[in-house]
Structure formats: C-alpha cells, structure tokens
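Residue numbers (my numbering): 716 to 1129.
Printed below as a string of structure tokens:
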C-alpha cells in the first residue's frame, strides 16, 4: 500500500505545484521594461492554456507601450475574443485543486481595460465604428449586478471615448445622451474628479485634442486569511497625482482624473468562487483534524481494527493536506493606478507636446517629465494620444512605425 500512496502523493503535489503563477510581469518590468515583457511572451502558446489570456494582455500592453500599435491591437483583439466569447476551462478542477487551474478571464475592471485599450487603438487607426463597439463593451462589462446593490457603469474613460466616436458621425444627440448618463453618476472624487470640465456638449464639440494620461501602478491581489482563501485587493503605490500639459511651450493646465483602477476593482460584487474557497478552507481544516484523530485512535487501539482506522485516517489527512483553498492572485499588474484626461482645441498641424508630473503636494517629479512628443492635429477629427507617467509609452512618429513587426529580425524564442 505504501508505494501507491506515495506515488499518488507525488502526483498530487506536482499537480498542486503546477497551478502556481507561471509569469511574473512585475519582475520582468523591473528587469527590462516593456521590451522584456514583449520578448518573454513572444510565444504565448508556450504558457499553460489557463494563463494564455493574461499573457496576451501582457504582450499587447508591452507592444502598445513600445509603439507597435497594429501588433498590439491584434493581440488585444485575440484576448478580447477569449474574454468575451467563452467561460474558459478548468472550473471543475478548481473546485478541488487550486483556483489557478481556471482559465484567467479577468475581473470586470480588467475586461473593461482590455476593451478600452482595443477601442483606443481602433480609434487611433481611424476605425471609429470598431472603436465605438469596444467602448460600448467596456461600459457593458463594467456594469455591476444592480439587484445586488452593485455599482452601475461608472468608468468614465469608456464614456468619453464613445462620445468622441459619436462626434465623428456628427451625432450630437447620442453624445448628449451619454453626457446625461454620466452627469447622473455620484460625483465621488475617489472615482473621478467632480470638477471635470468636459462634461458638457459644448466642451465636447469644441475640443479636437484628447489626451488620456495614465498614472501609477494598478491594484494587485494577495491571498490572505484562513489557508489563503481570501483574495485581498491591494492598492498600488505611486507618487504622481496629476500632470500638467504643455503644447508648443504653453501650459494648457492640469489633467483631471476620470478613472481610478483600485476604486473600480473594489466596487464590484464578490465572485462565486469566494464561497467555494471559504468552504474548501473549512473542509481542509476539518479533514486534517479528522484524519489526524483517526490515525491517533487507530494507533492506540492496535490490531486489524486499528490498522483500518489508521488507513482511513491517513486517506482523510492526505486529502485535507492536498486540498488547495488558496485564492487565485493572478491579475493584470500592468494596468495603471489612475486614468487622467486633458481635452483642448489646437490648430491643425504638428505641435510639440510636453508632460510634467506632480505629487499630491504639488512638487514636480522631474524624472518623469516627458518632452519632445509630437502632437499631429488633423484638419478634421481628433488628435488622440494615450500616455503614461512611468514607464512612458512610446508615441510612434509614422504609420510605418505603428505597423512595424516588433519581432522583425529576431529569432523566435525556443
């Protein structure tokens, strides 16, 4: 009996170990930034199926950050299909073994970001109808279960960009409808700045420059509590609080917060898996205690009866030890802490753009200053840029740069 039991133990331990996270994007960013992430994830199919959606989002974000916008769009779209057209796999196994056996499908805020980034890339490519659909999907996945008292869709980046899409059609009625919806939201400064000046139809119609500026590091998950069964949402740490925008050396003023990622992460209801994990934690403790007690009694009794009791106790104890009640802590750690907005009116043509970042006390964080950016304002429509405090996003200077193959001339990773 000992050999089969030992073999089963080894196999089960291997299975449990195989459920751990397979890629540390934070460590990769510290080592080599977006380039490191992009190279590490070149062959995303080399990763377990359960992680591939997350890996694709990492790869898309890295490419976008480096200015390979067309390639990033293709990756975001591939991930979007996985996240919106299926329930994933590994659910049954997660009920006993690690929750990480499930395919990563993202929390509502992570799915909203996926749709929003994809929409922004479509918008920048002039594919406004595709962008509009993506922004609508971001609003949809951001909507909580109102019957459970959860928040309605209140993530302004998707609303703002959907308004810009409607303006490309000249559909001011739909813009006003969205503005009415946004202006009904609770003006919670933890979510967006109540003094945001662009929530009128006149302000939307007057602007032709839309700058989305991302600050800081987004939330991350840790496993806490009994057997790590509670998934805790932690706020990322960062100093920058706002940015000042300069065009051709002239200050346009400060950015306004329109989205807080931590706020979005904590204002949605719990997961079905939370109750399962709680039950698994209780069962794990009970099985360990029961199995140990049965083995102790069997040892004291002795004889055949004692041997049977010890065998049953060993099985129960082993099951309790191997039951994994730890919460899944996978999450898109490349997301920003906040999304800020600057809208303005500028003459058609190329302009010099500069961003300066400040902490909450108003002190400039000079190492974050971005200079030498080019802002190309078209004769009609918007100049739209997505920028970030740290690490900076690269802004491609031509259509060829946007469409470049990020792996051109590089050997495919084995």
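Just so you know, even glycine gets a beta-carbon here, dropped at the ideal spot from N, CA and C.
Tell me where the beta strand (DSSP E) around residue i begins and ends.
| i | result |
| --- | --- |
| residue 960 | 955-962 |
| residue 911 | Neither: residue 911 is in no beta strand (DSSP E) and is coded neither H nor E. |
| residue 1091 | 1085-1092 |
| residue 974 | 971-975 |
| residue 924 | 924-930 |
Should residue i be labelled buried (16 or more other beta-carbon atoms within 10 Å of its own) or exposed?
| i | result |
| --- | --- |
| residue 1042 | buried |
| residue 1087 | exposed |
| residue 958 | buried |
| residue 1130 | Residue 1130 is absent from the structure shown; the chain starts at 716 and stops at 1129. |
| residue 800 | exposed |
| residue 1052 | buried |
| residue 778 | buried |
| residue 823 | buried |
| residue 931 | buried |
| residue 909 | exposed |
| residue 955 | buried |
| residue 1028 | In this prediction, residue 1028 has a pLDDT of 46, which is less than 50 and means its spatial position is unreliable; nothing more can be read from the coordinates. |
| residue 1085 | buried |
| residue 968 | exposed |
| residue 852 | buried |
| residue 999 | Only weak support exists for where residue 999 lies, its pLDDT of 41 falling under 50; the coordinates are left without a value. |
| residue 846 | buried |
| residue 915 | exposed |
| residue 1074 | exposed |
| residue 869 | buried |
| residue 963 | exposed |
| residue 1104 | buried |
Sort the options by Cα distance to residue i and report the nearest one.
| i | options | result |
| --- | --- | --- |
| residue 923 | 904, 1094, 890 | 1094 |
| residue 770 | 965, 753, 823 | 753 |
| residue 918 | 973, 945, 906, 890 | 890 |
| residue 1096 | 821, 1056, 843 | 843 |
| residue 1107 | 1082, 1122, 1113 | 1082 |
| residue 738 | 951, 903, 750, 1045 | 1045 |
| residue 965 | 1110, 833, 1069 | 1069 |
| residue 937 | 929, 925, 950 | 950 |
| residue 659 | 784, 867, 741, 768 | No information on residue 659 is available, as it lies outside the stretch 716 to 1129 that the chain covers here. |
| residue 850 | 874, 867, 1064, 868 | 874 |
| residue 767 | 795, 1104, 788, 747 | 795 |
Go ahead and pull the three-state DSSP assignment for residue i.
| i | result |
| --- | --- |
| residue 706 | Residue 706 cannot be examined here, being either before or after the span of the chain that is shown, 716 to 1129. |
| residue 895 | helix |
| residue 764 | helix |
| residue 1098 | strand |
| residue 786 | helix |
| residue 879 | helix |
| residue 1044 | coil |
| residue 966 | strand |
| residue 756 | coil |
| residue 986 | Confidence in residue 986 is poor, its pLDDT being 43 and thus under 50, which makes the residue's placement too unreliable to answer from. |
| residue 781 | helix |
| residue 737 | coil |
| residue 871 | helix |
| residue 776 | helix |
| residue 1057 | strand |
| residue 1110 | coil |
| residue 1078 | coil |
| residue 1103 | strand |
Hey, residue i and residue j are a contact pair by Cβ (cut 8 Å); roughly how many whole angstroms apart?
| i | j | result |
| --- | --- | --- |
| residue 831 | residue 872 | 6 Å |
| residue 838 | residue 880 | 7 Å |
| residue 765 | residue 816 | 6 Å |
| residue 1092 | residue 1066 | 7 Å |
| residue 751 | residue 743 | 5 Å |
| residue 973 | residue 907 | 5 Å |
| residue 782 | residue 1117 | 7 Å |
Any Cβ of chain C within less than 9 Å of the Cβ of residue i?
| i | result |
| --- | --- |
| residue 1110 | No chain C is present in this structure, which holds just one protein chain. |
What span of residues does the alpha helix (DSSP H) with residue i cover, start to end?
| i | result |
| --- | --- |
| residue 1071 | First-last for residue 1071: 1064-1074, but that is the beta strand (DSSP E), not the alpha helix (DSSP H). |
| residue 839 | 823-839 |
| residue 938 | Not the alpha helix (DSSP H): residue 938 falls in the beta strand (DSSP E), residues 935-939. |
| residue 886 | First-last for residue 886: undefined, no H or E at that position. |
| residue 904 | Residue 904 -> no alpha helix (DSSP H), and no H or E assigned at all. |
| residue 1082 | Unbroken run through residue 1082: none, as it is neither H nor E. |
| residue 677 | Only positions 716 to 1129 of the chain appear in the structure, and residue 677 is not among them; the question remains open. |
So is the beta-carbon of residue i under 8 Å away from any non-hydrogen atom of the ligand COA?
| i | result |
| --- | --- |
| residue 782 | This structure lacks the ligand COA; in fact it carries no ligand of any kind. |
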